[in-house]
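Participant:
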Amino acid sequence: MNYKNTYAASTENPETFWKEQAHNIHWFTQPKTILSSDENGYPLWYKDGELNVCYLALDKHIEEGFGDQVALIYDSPVTQTVKKYTFLEVKTEVAKLAGGMQSLGLKKGDTAVIYMPMIPQAAFAMLACARIGVTHSVVFGGFAPHELAIRIDDCKPRAIITASSGIEIDRLIAYKPLVDEAIQLAEHKPKKVIILNRKLGAKVPFKKYDVDYDALVYGSEEAECVPLNSTHPLYVLYTSGTTGKPKGIVRDSGGYATALKYSMQNVYNAKEGEVFWAASDVGWVVGHSYIVYGPLINRNTTIIFEGKPIKTPDASTFWRMIEEHKVSVMFTAPTAIRAIKKEDPNGEFIKKHDLSSLKIQFLAGERCDVATLEWYQEHIPVPAIDHWWQTETGWPIVANMMGIEYLPIKPGSVGKAVPGYDIKIFSENGTEVGPNEEGYVVIKLPLPPGTLLDLWKDNPRFKAGYLEKFPGYYFSGDGGFKDDDDYIFITGRVDDVINVAGHRLSTAEMEEIVASHSSVAECAVIGINDELKGQIPLALVVIKHGEDIEHFQLEQEIVKLVRQQIGAVASLRNVVIVQRLPKTRSGKILRKLMRSITDGEEYQIPSTIDDEAIVGEIIEVLKKYKIGIYSK
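So this is what it looks like as structure tokens:
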């Protein structure tokens, strides 16, 4: 079938379409009820099916005779390590870790937090949880103790699985003290901390709740896969919300496995046995879907890469990886390509490597600018496919369906709607707008399998955030438009969440931290365009009357505060002092206006503004500090 017919089948009769896709994975109990609803009327997929995602990722392939195929390649330029694990080797360690977790009292229905660097044991921990029905919540290893504590209090883990350290380009980060501090800050106290000592020199302060990872694995029996209901929560993954309080996205098991298998073959065109590399982190949704579960379910060799696109050791790292490991399909954020382009504008490193194994490059996580796409295509003659999805959906919403039909690429567009997603562009009042007219990107219910079940223990927030704005539709929080050919263009968030190098961060949360500084009277944090990272935060602050503080000192202190509370991932570097912030007469800060001014976009001063003169004041301040469009 071509794309047009496949898409029509998925939207006209979703139940039949997804019943067929469910046959492509192995169920312990085949679902009879394909589409139903939960007690709130929200769509549920395969509610009476039973399966185990770890079984699909490992045991099934071994039973079919592929135990000696390489399942996982660990490549760490920062520790100069390359190690390959077969499906049989991964299954043995995962099953023993799962058995060890059971011996510590973890069981189906419990939760565990995983706070790990990009090492194989991060994936093993996820799979071990999945094996015994423990819902995992992976927290990105760069998050500060305060952020980790919030997540501990929300999902109440029985255990935390961590490592002694992570490695950045130029430094070792000791994880254990951060975990101990987070436990101290949290009201909920996990019973155990399972810690892998990497023996890289990081201090590992011992606490009575600590359990050694290696000893636990070595001393445990292998646990069998526990049959789980299709709607059993595989994981909770936190994403930034506009209030600053992270939202725990709940992912099911059966719908997710079905969707991942479908997407690996039909979106990414990954054939079983090929090497698939998503250059992301297990702390993000890409890592869950396309480093761990998707490739392994599809019997692809996946790569865990502990490094950066540049400086580990240079801008040739990606090309070395593709050549050495014979990567067929790659997925990364546009930020990575921009960083490489900046270091190697003429693609000299590319010419030194044999990239003949690579057939497709996928880009996602943030908007891909046309210049980056064109640079890639100029130097590497494979399709470079920008596509769009969210933590909430768990797999692509809009893409070029490379496994069905390759459609012409339109730079600036993320492609066409993926089968299963009935996408509309709505005006503010909920009516569909015409081609090339910008509006809210919404998806008609039911969402396809694999998308979010709920928010963890917070159904009212789930309904308020996603379902109530346009009844019968999922509200994506993004703006965009369709052209005359139904290609979709995403123009960015319509709320106060910004996208820094593919990481979704809440400006509201940053504002709270900036406002906590003793010299700050009020502030606004906005996301502004950045050549490398897509967007970066900018803090505009009004200092308290009578405060005598130098700009440089204030900036350093605020940057440090944000780093302590959120982590380096926040990328807040610029703090500017203004006399006042532009507001409406009702007191609402006009953040969108400030964003447009800073990015040099056309803007209209709203009639509700308190004082028009302030716009000129803001421009003068931006010129003084050389920020945004005024940096040139």
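Counting in the working numbering, the sequence shown runs from 63 upward without gaps. Glycine included, every Cβ here is placed at the ideal spot set by N, Cα and C.
1. Assuming the contact rule is C-beta atoms closer than 8 Å, residue 672 and residue 694 should be a hit. Round their C-beta distance to whole Å, please.
2. Apart from the five residues just before and just after residue 489, which ones in its own chain have a Cβ nearer than 6 Å to its Cβ?
3. Taking C-beta to C-beta, are residue 623 and residue 580 nearer than 8 Å?
4. Return the Cβ separation of residue 187 and residue 296 in integer angstroms, given the expectation that the two are a contact with Cβ distance under 8 Å.
5. Can you tell me whether DSSP reads residue 234 as helix, strand or coil?
6. Using a threshold of 8 Å, state whether the C-beta atoms of residue 418 and residue 337 are closer than that.
7. Count the other C-beta atoms from every protein chain shown that fall within 10 angstroms of the C-beta of residue 268, then say buried if there are 16 or more, exposed otherwise.
8. Across which residues does DSSP place residue 134 in a beta bridge pair?
9. How would you call residue 99, buried or exposed, if buried means at least 16 neighbouring beta carbons within 10 angstroms?
10. If you reduce the DSSP assignment to three classes, tell me which class residue 522 lands in.
11. Residue 556 and residue 350 - do their beta-carbons sit closer together than 8 Å?
12. For residue 585, name the three-state secondary structure that DSSP assigns.
13. At a cut of 8 Å, does the segment 156–164 reach the segment 125–145 through at least three beta carbon pairs?
14. Specify, as a first and last residue, the run of the alpha helix (DSSP H) that residue 194 falls within.
15. I'd like to check one pair, residue 138 with residue 386: are the Cβ atoms closer than 8 Å?
16. If you check the beta carbons only, do residue 250 and residue 218 fall under 8 Å apart?
17. Give me whichever residues DSSP pairs with residue 450 in a beta bridge.
18. In angstroms with no decimal places, state the Cα-to-Cα distance between residue 82 and residue 465.
19. At what residues does the beta strand (DSSP E) containing residue 636 begin and finish?
20. What's the gap between the Cα of residue 401 and the Cα of residue 563?
21. Near residue 264, which residues of its chain fall below 8 Å by C-beta distance, leaving aside the five closest residues on each side in sequence?
22. What are the residues that DSSP puts in a beta bridge with residue 198?
23. Do you know how far the Cα of residue 374 is from the Cα of residue 183?
24. Please work out which residues of its chain come closer than 6 Å, Cβ to Cβ, to residue 503, disregarding the five sequence neighbours upstream and downstream, and give them in chain order.
25. Skipping 5 residues on each side, what residues in its chain have a beta carbon closer than 7 Å to that of residue 48?
26. CA-CA distance, residue 147 and residue 363?
27. Are the CB atoms of residue 229 and residue 176 within a distance shorter than 8 Å?
28. Can you tell me the Cα-Cα spacing of residue 348 and residue 157, whole angstroms?
29. Answer yes if the segment 653–663 comes into contact with the segment 583–592, meaning at least three C-beta pairs across the two stretches below 8 Å, and no otherwise.
30. Report buried or exposed for residue 280, applying the criterion of at least 16 other Cβ atoms within 10 angstroms of its Cβ.
31. Take residue 360 as the anchor and find which of 328, 372, 343 has the nearest alpha-carbon.
32. Using the C-alpha atoms, what's the distance from residue 484 back to residue 74?
33. Here's a check: name, in chain order, each residue in its chain whose Cβ is nearer than 6 Å to the Cβ of residue 469, leaving out the five neighbours to either side.
34. Would you tell me roughly how many angstroms separate the C-alpha atoms of residue 609 and residue 632, rounded to the nearest one?
35. On the premise that residue 507 lies in contact with residue 534, defined as a C-beta separation below 8 Å, what is that separation, rounded to the nearest angstrom?
36. Does any CB atom of chain C fall closer than 8 Å to the CB of residue 548?
Facilitator: Well, looking at it:
1. Here the question's residue 672 lines up with position 610 in the sequence shown. Here the question's residue 694 lines up with position 632 in the sequence shown. With a Cβ gap of about 30 Å, residue 672 and residue 694 do not count as contacting.
2. The residue labelled residue 489 in the question sits at position 427 within the sequence shown. Excluding residues within five positions, the ones whose Cβ falls inside 6 Å are 495, 501.
3. Along the sequence shown, one-based indexing puts residue 623 at 561. Along the sequence shown, one-based indexing puts residue 580 at 518. It is not a contact, given that the beta carbons lie outside the stated cut-off.
4. The residue labelled residue 187 in the question sits at position 125 within the sequence shown. The residue labelled residue 296 in the question sits at position 234 within the sequence shown. No, residue 187 and residue 296 are not in contact; Cβ-Cβ is about 13 Å, not under 8 Å.
5. Within the sequence shown, numbered from 1, the residue matching residue 234 stands at position 172. In the structure shown, residue 234 sits in a strand (DSSP, three-state: E or B).
6. Along the sequence shown, one-based indexing puts residue 418 at 356. Along the sequence shown, one-based indexing puts residue 337 at 275. Result no, Cβ atoms of residue 418 and residue 337 do not sit closer than 8 Å.
7. Locating residue 268 in the sequence shown gives position 206, where the first residue counts as 1. With fewer than 16 Cβ atoms within 10 Å of its Cβ, residue 268 is classed as exposed.
8. By 1-based counting over the sequence shown, the position of residue 134 is 72. Paired residue(s): 147, 364.
9. Counting from one through the sequence shown, the residue named residue 99 turns up at place 37. Looking at its Cβ environment, which holds fewer than 16 other Cβ atoms inside 10 Å, residue 99 is exposed.
10. Looking up residue 522 in the sequence shown gives position 460. Of the three classes helix, strand and coil, the one that applies to residue 522 here is helix, per DSSP.
11. On the sequence shown, residue 350 is found 288 positions in, with the first residue counted as 1. On the sequence shown, residue 556 is found 494 positions in, with the first residue counted as 1. No, the pair does not count as a contact, with Cβ atoms beyond the cut-off.
12. For the purposes of this step, residue 585 is taken as residue 523 along the sequence shown, with counting starting at 1. Correct three-state label for residue 585: strand.
13. no
14. Indexing the sequence shown from 1 puts residue 194 at position 132. Where residue 194 is concerned, the enclosing alpha helix (DSSP H) stretches over 182–194.
15. In the sequence shown, counting from the first residue as 1, residue 386 sits at position 324. In the sequence shown, counting from the first residue as 1, residue 138 sits at position 76. Against a cut-off of 8 Å, the Cβ pair of residue 138 and residue 386 comes out as no contact.
16. In the sequence shown, residue 250 corresponds to position 188, counting from 1. In the sequence shown, residue 218 corresponds to position 156, counting from 1. Yes, they are a contact pair.
17. Translated into the one-based positions of the sequence shown, residue 450 becomes position 388. According to DSSP, residue 450 bridges with 460.
18. As a first step, residue 82 is located in the sequence shown; it is residue number 20 there, counting from the start. As a first step, residue 465 is located in the sequence shown; it is residue number 403 there, counting from the start. Distance between the alpha carbons of residue 82 and residue 465 is about 17 Å.
19. Your numbering for residue 636 matches position 574 in the sequence shown. Per DSSP, residue 636 belongs to the beta strand (DSSP E) from 636–639.
20. Start at 1 with the first residue of the sequence shown, and residue 401 comes out as number 339. Start at 1 with the first residue of the sequence shown, and residue 563 comes out as number 501. Their backbone Cα atoms lie some 10 Å apart in a straight line.
21. Residue mapping note: residue 264 aligns to position 202 of the sequence shown, counting from 1. Closer than 8 Å at Cβ, skipping near neighbours: 226, 227, 234, 235, 236, 237, 238.
22. Counted from its first residue, the sequence shown places residue 198 at position 136. In the DSSP output, where bridge partners are listed per residue, residue 198 has 174, 297.
23. For the purposes of this step, residue 183 is identified with residue 121 of the sequence shown, where counting begins at 1. For the purposes of this step, residue 374 is identified with residue 312 of the sequence shown, where counting begins at 1. Cα to Cα, the separation comes out at about 21 Å.
24. Against the sequence shown, residue 503 aligns to sequence position 441. Around residue 503: 538, 540, 542.
25. Nothing can be reported for residue 48, as the shown portion of the chain is limited to 63 through 694.
26. Here residue 147 is taken as the residue at index 85 of the sequence shown, counted from 1. Here residue 363 is taken as the residue at index 301 of the sequence shown, counted from 1. For residue 147 and residue 363, the distance between alpha carbons rounds to 9 Å.
27. Stepping through the sequence shown from its first residue, residue 176 is reached at position 114. Stepping through the sequence shown from its first residue, residue 229 is reached at position 167. The answer is no: Cβ separation not under 8 Å.
28. Sequence index remark: in the sequence shown, residue 348 carries index 286 (1-based). Sequence index remark: in the sequence shown, residue 157 carries index 95 (1-based). When rounded, the distance between both Cα atoms is 24 Å.
29. yes
30. The residue given as residue 280 occupies position 218 in the sequence shown. By the neighbour-count rule (16 or more Cβ atoms within 10 Å), residue 280 is not buried but exposed.
31. Along the sequence shown, read from residue 1 onward, the residue named residue 360 stands at position 298. Closest by alpha carbon: 328.
32. Taking the first residue of the sequence shown as position 1, residue 74 is located at position 12. Taking the first residue of the sequence shown as position 1, residue 484 is located at position 422. When rounded, the distance between both Cα atoms is 10 Å.
33. In the sequence shown, residue 469 corresponds to position 407, counting from 1. Around residue 469: 462.
34. Taking the sequence shown and counting its residues from 1, one reaches residue 609 at position 547. Taking the sequence shown and counting its residues from 1, one reaches residue 632 at position 570. The alpha-carbon atoms of residue 609 and residue 632 are separated by roughly 27 Å.
35. By one-based count along the sequence shown, residue 534 stands at place 472. By one-based count along the sequence shown, residue 507 stands at place 445. So it is a contact: roughly 6 Å between Cβ atoms.
36. Going by chain labels, chain C is absent from the structure shown, which holds only one protein chain.
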